[in-house]
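Sequential numbering of the sequence shown, starting at 563, is according to the numbering used here.
Only one structure is covered here, and it is reproduced in the block below.
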Amino acid sequence: MAVALLLLWSGASGAADPAELARGKEVFSTIQPACAACHTLQAAGAEGQVGPVLDELKPDAARVLRALKAGIGVMPSYAERMSESDMKAVASFVAHAAGAAK
563 MAVALLLLWS
573 GASGAADPAE
583 LARGKEVFST
593 IQPACAACHT
603 LQAAGAEGQV
613 GPVLDELKPD
623 AARVLRALKA
633 GIGVMPSYAE
643 RMSESDMKAV
653 ASFVAHAAGA
663 AK
């Protein structure tokens, strides 16, 4: 019984907030330069040709958040363009959409 409750609790705590995912999807497509301009992500209808295909890379939210904050390769940092909450929303959306979120 305790194991079942622990599994139930851990699953609920990792559940994605639908409002946060919707916000992340919106920011992914509208921030300038838009993530969608460079990255392919089916859930966002994005077919960028410059950055990695996020559906294949399947980054977790922590990896996306690090890339947004610091930039990586030719990708610029978004620390000056996005709020912390928007960066977290995008990271959650990408991880969830790409299948990396549990």
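Note that CB positions come from ideal geometry on N, CA and C, so glycine has one too.
Can you tell me where the alpha helix (DSSP H) holding residue i begins and where it ends?
i	result
Y649	The sequence shown places Met at residue 649, not Tyr. Its alpha helix (DSSP H) spans residues E646 to A660.
A605	From DSSP, A605 is part of no alpha helix (DSSP H); its letter is neither H nor E.
A599	C597 to C600
Given this structure, state the Cα-to-Cα distance separating residue i from residue j, to the nearest angstrom.
i	j	result
R643	C597	12 angstroms
G610	P638	15 angstroms
Y640	A632	7 angstroms
I need the DSSP call for residue i, collapsed to helix, strand or coil.
i	result
A623	helix
V636	coil
V615	strand
E588	helix
R628	helix
Per the DSSP calculation, residue i is bridged to which residue(s)?
i	result
L583	Answer by DSSP bridge pairing: none, since L583 is not bridged.
If residue i and residue j are in contact, beta carbons under 8 angstroms, what's the gap, nearest whole angstrom?
i	j	result
L616	T602	7 angstroms
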